[in-house]
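In the numbering used here, the protein residues as written are 28 to 440.
Okay, so here's the structure we're looking at.
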């Protein structure tokens, strides 16, 4: 029967070639849209590296010197402002609704900058190999607030202790920029490194605390501790409240002046970290929703097109189906035959689309792709979706064709 099928496909090669070309165009179109959508949303498949629930953030503000409210403290090199910040965060930490509070300088997700540099192993001989990363500065309590995820199994409290002892945390990365000589995070773990003219011990490797749920943050990340005994240079404060106490803390903060204002320093714009994340990711979320709608609409239109194509194809084969039934073929035999033929054509179309698609990716998209594995996954899923579409498109026309009596089907033959 297989030999008979291939012989028939050979005799109908002109129609089959056009069908393969059409299916290849359809496959390539769906695949291309899927790659773009997958590439923009691949980050959703990975851990964000932190827990934003029950976390609130505050902006650190300073009264300008030309304001009548400004308190002149003389030239104290920032120590007065640091004392004010210590008073503010102490008031927050004293709340019975708060688990922990921490200062941040470029250390809270969704508001990261790309500030960074290289880490190099410390030693007498100059190290020429680096680990490029974005630098984040936080109070040690941030390990508990964001619940950093150790790659070696350490609890958040242990990561907090590492920071409190002056150590640093280095993130794992999904991809490393630069040449092949650049180090991996695991090579730095436990070693003394140099950064910005100072030496630090790498205390642990943690999951990347990403900028957003969509962004993979390939650049890597290094967490440096803020010593609250020194001059504090912080732009924000993060607060983890006890479960279910968020609104109670908000009300307490609004009604407690000592939490909000100390001389020239004050805290403003209290918001949930999850709300900040939604605002930050609004563009990506909108792109994802519209992208999914486009894919669904495209697949729906393609299904309708395939239904029409295979309906016409089945109508041309009504006589052939009738003859096969007269010769003893069952409806199941006929259905498996037409399905097999269509899937063979789809396989040929998928191979053709795959060759063209990979060439186009190398020319157009290769620098924008997060991973080639995602491209291969989307190619396989596209073929599966089209295979399902073909089966569904053939089932109804084939069923109607097989219901026609053989005498009626062949009367014009």
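Note that beta-carbon positions come from the ideal geometry of N, C-alpha and C, so glycine has one too.
Less than 8 Å between the beta carbons of residue 268 and residue 124, yes or no? yes
Residue 407 to residue 127 span [Cα, whole Å]: 47 Å
Look up residue 292 in the DSSP assignment and give the residues it is bridged to. 89 and 289
Taking residue 233 as part of the beta strand (DSSP E), name the residues at either end of that continuous run. 225-233
What first and last residue would you give for the beta strand (DSSP E) that runs through residue 275? First-last for residue 275: 273-281, but that is the alpha helix (DSSP H), not the beta strand (DSSP E).
Relative to the C-alpha of residue 297, which residue among 265, 210 and 43 is closest? 265
Other residues of its chain near residue 68: CB distance less than 7 Å, five sequence neighbours each side excluded: 241 and 315
Would residue 157 and residue 246 be called neighbours here (beta carbons separated by less than 8 Å)? no
Could you pull the start and end residues of the alpha helix (DSSP H) that residue 190 belongs to? 183-191
Residue 146 bridges to which residues according to DSSP? 158
What whole-angstrom Cβ distance do residue 78 and residue 163 have, given they're in contact under 8 Å? The pair is not a contact, with the Cβ atoms about 16 Å apart (cut-off 8 Å).
Hey, how far is the Cα of residue 110 from the Cα of residue 389? 57 Å
When we look at the beta-carbon of residue 92 and count the other beta-carbons within 10 Å, is it buried (16 or more) or exposed? exposed
Given residue 279 as reference, the closest of 82, 306 and 118 once Cα atoms are compared: 118
Exposed or buried, residue 176, counting other C-beta atoms within 10 Å across all chains shown (16 or more means buried)? buried
Identity of the residue in 301, 419 and 368 nearest residue 75 by Cα: 301
Of all the options 336, 287 and 402, which has the alpha carbon lying nearest to the alpha carbon of residue 62? 402
Distance CB(residue 130)-CB(residue 324) smaller than 8 Å: no
So, for residue 426: in the same chain, excluding its five sequence neighbours on each side, which residues have a beta-carbon less than 7 Å away from its beta-carbon? none
Chain B within 8 Å of residue 272, Cβ atoms only: Absent from the structure is chain B; it holds one protein chain and no more.
Across which residues does DSSP place residue 221 in a beta bridge pair? 147 and 226
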